[in-house]
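Reviewing the structure listed below.
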């Protein structure tokens, strides 16, 4: 059963969303507090801001971890290209020198 159906049947939104496990516990707690206090709109906004900050932090961490890896990969490709150009030149130089 999906969360929207559970809410339309009278189940609290926090309980319905928690049942499906799609949201972190902090968001579920904020939604439950908003339902209890009548300030659901404000607390949903706060939950969204929290999720955005967490996602932004994860993206920044992932980006900072991927940058060195990508630099090494590009460096490896450049090395392969340079070697593919220079190896025939060195081989011709060796053959001419004999």
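Residue numbers (my numbering): 18 to 115.
Note that CB positions come from ideal geometry on N, CA and C, so glycine has one too.
Check, Outcome
"Contacting residues, own chain, Cβ-Cβ under 8 Å from residue 26 (five flanking each side not counted)", "none"
"Proximity test, Cβ basis, 8 Å: residue 39 and chain B", "Absent here is chain B; the protein component of the structure consists of one chain."
"Expected contact under 8 Å - CB spacing of residue 34 and residue 45 to nearest Å", "6 Å"
"Alpha-carbon to alpha-carbon, residue 102 and residue 94", "13 Å"
"C-beta contact flag for residue 63 and residue 47 at 8 Å", "yes"
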